[in-house]
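Structure first, then comments.
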Amino acid sequence: MQPRQRKVLKSIVKEYCRTGEPVGSLFLAEKHTFSYSPATIRGEMSRLERKGYLTHPHTSAGRTPTDKGFRFFIDELMDQTILLERERQVFIEYVSRFLHDQNQLLRGASRALARISRNLGFGVLPHKRAFYSSGYGDLLRALQEENIDQAADIFGFFENDLEKKIERLFRNLDQETRVFIGAENPLKEFKNCSLVVGCGCLNDQGEKILVGVLGPKKMDYAKNISLVGELAGWFGRRNKKFIRNQKQ
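To convert, note that position 20 of the sequence shown is 46 in our numbering; the numbers rise steadily by one, no gaps.
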């Protein structure tokens, strides 16, 4: 992709994630530091659309990112971010008090994810077949803003065949934080959403915890990737420290 197209795509994705509205060339020319005209920007937007990175809603002159556009943004264009100290303290506060109760630990992790991301946060203990989630209201509001009616799917998902769905998540996950966009989502019920998941080790028996955030495609990817990775990594660091102390 040409440098100018990369800059245009990055600006459109960031603006769309901020507002949820289609982004036009005139807006980009006025609000972003482009050294070229709205007509030039429109030309690049048209090329990006032909390549499948953008789409053109019929009711708007602006463009919105496609799944392919989001994927390129995350893999190639997104600026990495770190959690603010106050955000880091939120999840430490939620999980550190429950270190000796795995079910409560799961509950605390889910609530921390939901509170910081403003999406649906969840945690899974596969060895216990335990699942906890928090933030339904935030997810429903976000989807309604995009005119996506998935309320029945959301509640049905957490009531039916949960064990199989957990297995589907783990088949697509290793130790790294992963992002699934739209149709990539292993939870096919949520093809209109994006999913950020990470895995941490709880103890020296190899028992794992899976944590994640489910939200609209216009979620704050940089923040949620950092959040999930930080929380999963926290479990791993805590486990290594525990093992070292046991050996001393």
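Idealized CB from N, CA, C, for every residue including glycine. Since the structure is predicted, the reported quantities are computational estimates derived from the model, not experimental observations.
Assuming residue i is part of the alpha helix (DSSP H), what are its boundary residues?
i       : result
Ala-65  : 64 to 76
Gly-88  : Here Gly-88 belongs to no alpha helix (DSSP H), and DSSP marks it neither H nor E.
Ser-122 : 111 to 122
Leu-52  : 51 to 57
For residue i, which of helix, strand or coil comes out of DSSP?
i       : result
Ser-159 : strand
Thr-45  : helix
Arg-144 : coil
Gly-208 : helix
Ser-220 : strand
Leu-213 : coil
Lys-273 : Residue confidence is low: Lys-273 scores 44 on pLDDT, short of 50, so the model does not pin down where it sits. No coordinate-derived value is stated.
Leu-228 : coil
Leu-166 : helix
Phe-268 : Unreliable positioning characterises Phe-268 in this predicted model, as indicated by a pLDDT of 40, which lies under 50. The coordinate reading is nonetheless provided below. Helix at Phe-268.
Would residue i and residue j qualify as a contact pair, given that the criterion is a beta-carbon distance under 8 Å?
i       : j       : result
Leu-146 : Tyr-162 : yes
Gly-241 : Ala-168 : yes
Phe-261 : Leu-228 : yes
Ile-142 : Thr-203 : no
Val-254 : Gly-224 : yes
Val-34  : Pro-91  : no
Leu-131 : Val-121 : yes
Thr-81  : Arg-73  : no
Ser-51  : Met-71  : yes
Glu-256 : Leu-109 : yes
Thr-59  : Lys-249 : no
Lys-36  : Leu-103 : yes
Leu-236 : Gly-149 : yes
Lys-244 : Cys-43  : yes
Gln-128 : Lys-154 : yes
Mind checking which residues open and close the beta strand (DSSP E) that includes residue i?
i       : result
Lys-234 : 234 to 242
Would you please verify whether the beta carbon of residue i is less than 8 Å from any beta carbon of chain B?
i      : result
Thr-45 : The structure shown contains no chain B; it is built from a single protein chain.
Quiz item: Does the segment 61 to 69 come close enough to the segment 97 to 108 that 3 or more CB-CB pairs lie under 8 Å?
Solution: no
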